[in-house]
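*Asks:* Its first residue numbered 427, the sequence shown is counted upward by one per residue in the working numbering. We put the CB at the ideal spot given by N, CA and C, even for glycine. After the structure tokens below, expect a handful of questions from me.
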Amino acid sequence: MSTLRIALQTKGRLNTDSITLLEEAGINVEDPGRKFLTRSSSFPVELLYLRDDDIPQAVSMGAADLGIVGYNEVLEKEAPVEVVRKLGWGACRLSLAVPASADYDGLQWFQGKRIATSYPKILRKFLSENGISASVHEIAGSVEVAPSVGLGDAIFDIVSSGGTLVRNSLVEVYRVVESEAVLIANPSVHDDPEKESDLKRLLFRFDSIMKSHGKKYLLMNIPNDSLEEAIRIVPAMRSPTVLPLAQSGWSSLHSVVEEDVLWDKVHALKEIGAEGILVLDVEKLVL
Ligand code: ATP
Ligand code: MG
């Protein structure tokens with residue numbers, strides 16, 4: 427009996443969202459305590475807790491079949507793994523940043539400079555592709571303080587909001603790679619029929635969760651005279667559900683809308699006489 431093993435970050439920025447995704451997919455995740463390997467009681471998977479740096483290699487070597495990790499780590503480790511899904515969270519980018527006081531005038535500024543980073547492979551590749559010869563200084567953490575303590579003229583690091591750069595008087599000048607959390611797999615997972623079938627079930631659940639993001643369930647009472655117009659405003663996936671109310675001349679209409687247009691739709695529905703509009707979260711969406 428072969429069991430899928432999924433590697434995830436022990437602690438850190440991706441830990442909570444990884445566990446939430448698994449839990450929403452019906453995989454009970456028990457608190458690992460001091461263990462690094464646990465088994466779910468509700469789905470045939472084992473969970474392997476690792477530092478995020480070690481996840482791409484753990485998957486490429488087959489210590490885990492799947493992994494949830496930042497795409498930036500997958501690229502840096504040059505791990506021969508399959509990126510099965512982009513997960514839509516953990517967004518960040520790897521960027522070049524220079525001191526705010528620098529007279530930056532384009533990528534050529536980096537010629538002959540010293541750049542501090544925790545991502546030397548991605549940086550070296552980018553520099554060589556752009557014909558820039560700069561020296562790459564690998565440091566493990568706190569890259570953003572490097573220029574102020576003389577450990578480099580510039581940095582190449584993860585940026586999300588940009589707040590860390592501002593606090594260290596640095597300016598982002600070039601975005602090199604966009605990243606987000608991804609589900610990776612060892613390609614051999616497809617050769618094991620049992621693992622492949624569990625992976626399919628898992629992906630079906632992940633996809634249902636991802637499709638539900640940004641969607642809202644809407645229900646309201648609507649005068650029958652306005653039904654046709656209401657259906658035009660909130661057409662749903664196939665068509666909205668319409669149920670007669672006990673009071674004649676009125677119906678209850680149910681539909682699903684994208685969150686970013688929710689308020690426009692609500693205003694339009696109010697205008698044609700909708701009442702008692704309820705907006706609910708959509709947890710999963712199976713098409
Ligand atoms: P570990 O202890 O597991 O090695 P870490 O300290 O290397 O953790 P975290 O800071 O927890 O890593 O970040 C994990 C991942 O979160 C990053 O590799 C990146 O993909 C993503 N991420 C998203 N936004 C940010 C951000 N603002 N700073 C750092 N990482 C971010
Ligand atoms: Mg790490």
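If you compare alpha carbons, which of 566, 567, 551 is closest to residue 560?
*Replies:* The residue labelled residue 560 in the question sits at position 134 within the sequence shown. For residue 560, the nearest C-alpha among the options comes from 551.
*Asks:* What is the DSSP secondary structure of residue 671, reduced to helix, strand or coil?
*Replies:* The count along the sequence shown starts at 1 and reaches residue 671 at position 245. Correct three-state label for residue 671: coil.
*Asks:* Alpha carbons only, please: which of 587, 641, 442 is nearest the one belonging to residue 710?
*Replies:* Position 284 of the sequence shown holds residue 710. When each option's Cα is compared against that of residue 710, the closest is 641.
*Asks:* Whose C-beta lies closer than 6 Å to the C-beta of residue 573 among residues of the same chain, with five residues either side of it excluded?
*Replies:* Taking the first residue of the sequence shown as 1, we reach residue 573 at position 147. 525, listed in sequence order.
*Asks:* Who are residue 676's beta bridge partners in DSSP?
*Replies:* In the sequence shown, counting from the first residue as 1, residue 676 sits at position 250. For residue 676, which the question treats as bridged, DSSP gives the partners 649.
*Asks:* Given 7 Å as the limit, tell me if residue 493 has its C-beta closer than that to any heavy atom belonging to ligand 1.
*Replies:* On the sequence shown, residue 493 is found 67 positions in, with the first residue counted as 1. No, ligand 1 has no heavy atom inside 7 Å of this Cβ.
*Asks:* Based on DSSP bridge pairs, tell me the residues matched to residue 607.
*Replies:* In the sequence shown, residue 607 corresponds to position 181, counting from 1. Bridge partners of residue 607: 496.
*Asks:* May I have a chain-ordered list of the beta strand (DSSP E) segments no shorter than 3 residues that lie completely inside the stretch 535-574?
*Replies:* For the stretch 535-574, whole beta strand (DSSP E) runs of length 3 or above, ordered along the chain, are 540-543, 561-564.
*Asks:* Within its chain, find whatever has a CB closer than 6 Å to the CB of residue 445; leave out the 5 residues flanking it on each side and keep chain order.
*Replies:* Translated into the one-based positions of the sequence shown, residue 445 becomes position 19. Cβ within range, chain order: 455.
*Asks:* Closer than 7 Å by C-beta to residue 483: which residues in its own chain qualify, once you throw out the five before and the five after it? Chain order, please.
*Replies:* Along the sequence shown, read from residue 1 onward, the residue named residue 483 stands at position 57. Excluding positions up to five away in sequence, the list reads 503, 505.
*Asks:* Count the other C-beta atoms from every protein chain shown that fall within 10 angstroms of the C-beta of residue 673, then say buried if there are 16 or more, exposed otherwise.
*Replies:* Here residue 673 corresponds to residue number 247 of the sequence shown, with the count starting at 1. Per the 10 Å Cβ criterion, exposed.
*Asks:* Can you tell me whether residue 617 sits near ligand 4, meaning its C-beta is under 7 Å from at least one heavy atom of the ligand?
*Replies:* This structure lacks ligand 4; the ligands present are ligand 1 and ligand 2.
*Asks:* Kindly list the residues whose CB is nearer than 8 Å to the CB of residue 591, restricted to its own chain and excluding five residues on each side of it in sequence; keep chain order.
*Replies:* Here residue 591 corresponds to residue number 165 of the sequence shown, with the count starting at 1. Cβ within range, chain order: 523, 570, 585, 597, 598.
*Asks:* Pull up the CB-CB distance for residue 466 and residue 618, whole angstroms please, since I reckon it's below 8 Å.
*Replies:* Counting from 1 along the sequence shown, the entry for residue 466 is found at position 40. Counting from 1 along the sequence shown, the entry for residue 618 is found at position 192. About 18 Å separates the two Cβ atoms, so there is no contact after all.
*Asks:* Between the stretch 533-551 and the stretch 629-646, do three or more beta carbon pairs fall short of 8 Å?
*Replies:* Counting Cβ pairs under 8 Å, fewer than three are found: no touch.
*Asks:* Tell me the rounded alpha-carbon separation between residue 660 and residue 681.
*Replies:* Locating residue 660 in the sequence shown gives position 234, counting from the first residue. Locating residue 681 in the sequence shown gives position 255, counting from the first residue. About 6 Å.
*Asks:* Pull up the distance between the alpha-carbon of residue 700 and that of residue 683, whole angstroms please.
*Replies:* For the purposes of this step, residue 700 is taken as the residue at position 274 of the sequence shown. For the purposes of this step, residue 683 is taken as the residue at position 257 of the sequence shown. Each residue's Cα considered, the two are about 16 Å apart.
*Asks:* Does DSSP put residue 593 in a helix, in a strand, or in coil?
*Replies:* Here residue 593 refers to the residue found at position 167 of the sequence shown. In the structure shown, residue 593 sits in a helix (DSSP, three-state: H, G or I).
*Asks:* Tell me which residue opens and which closes the alpha helix (DSSP H) that residue 444 is part of.
*Replies:* As a working mapping, residue 444 is identified with position 18 in the sequence shown. Counting along the chain, the alpha helix (DSSP H) containing residue 444 begins and ends at 441-450.
*Asks:* In chain order, what residues have a CB nearer than 6 Å to some heavy atom of ligand 2?
*Replies:* Chain-ordered list of matching residues: 477, 478, 479.
*Asks:* Beta-carbon within less than 6 Å of residue 688's beta-carbon, same chain only, minus the 5 sequence neighbours each way: which residues are those?
*Replies:* Along the sequence shown, read from residue 1 onward, the residue named residue 688 stands at position 262. The answer, listed in chain order, is 642.
*Asks:* Output yes or no for whether 8 Å exceeds the beta carbon distance between residue 741 and residue 510.
*Replies:* The displayed coordinates of the chain run from 427 to 713. Any statement about residue 741 would go beyond what the structure contains.
*Asks:* Please confirm whether residue 645 and residue 678 have their CB atoms less than 8 Å apart.
*Replies:* Start at 1 with the first residue of the sequence shown, and residue 645 comes out as number 219. Start at 1 with the first residue of the sequence shown, and residue 678 comes out as number 252. Yes, the Cβ-Cβ distance between residue 645 and residue 678 is below 8 Å.
*Asks:* With distances taken Cα to Cα, identify the nearest neighbour of residue 532 among 474, 601, 587, 648.
*Replies:* Counting from one through the sequence shown, the residue named residue 532 turns up at place 106. When each option's Cα is compared against that of residue 532, the closest is 601.
*Asks:* If I follow the unbroken alpha helix (DSSP H) through residue 633, where does it start and stop?
*Replies:* Position 207 of the sequence shown holds residue 633. It spans 619-638 - the alpha helix (DSSP H) in which residue 633 sits, taken as one unbroken run.
*Asks:* Check each candidate in 608, 543, 508 and name the one with the smallest Cα separation from residue 578.
*Replies:* Here the question's residue 578 lines up with position 152 in the sequence shown. Cα-wise, what sits closest to residue 578 is 543.
*Asks:* Could you tell me whether any non-hydrogen atom of ligand 1 is closer than 7 Å to the CB of residue 439?
*Replies:* As a first step, residue 439 is located in the sequence shown; it is residue number 13 there, counting from the start. Yes, since a heavy atom of ligand 1 falls inside the 7 Å radius drawn around the Cβ of residue 439.
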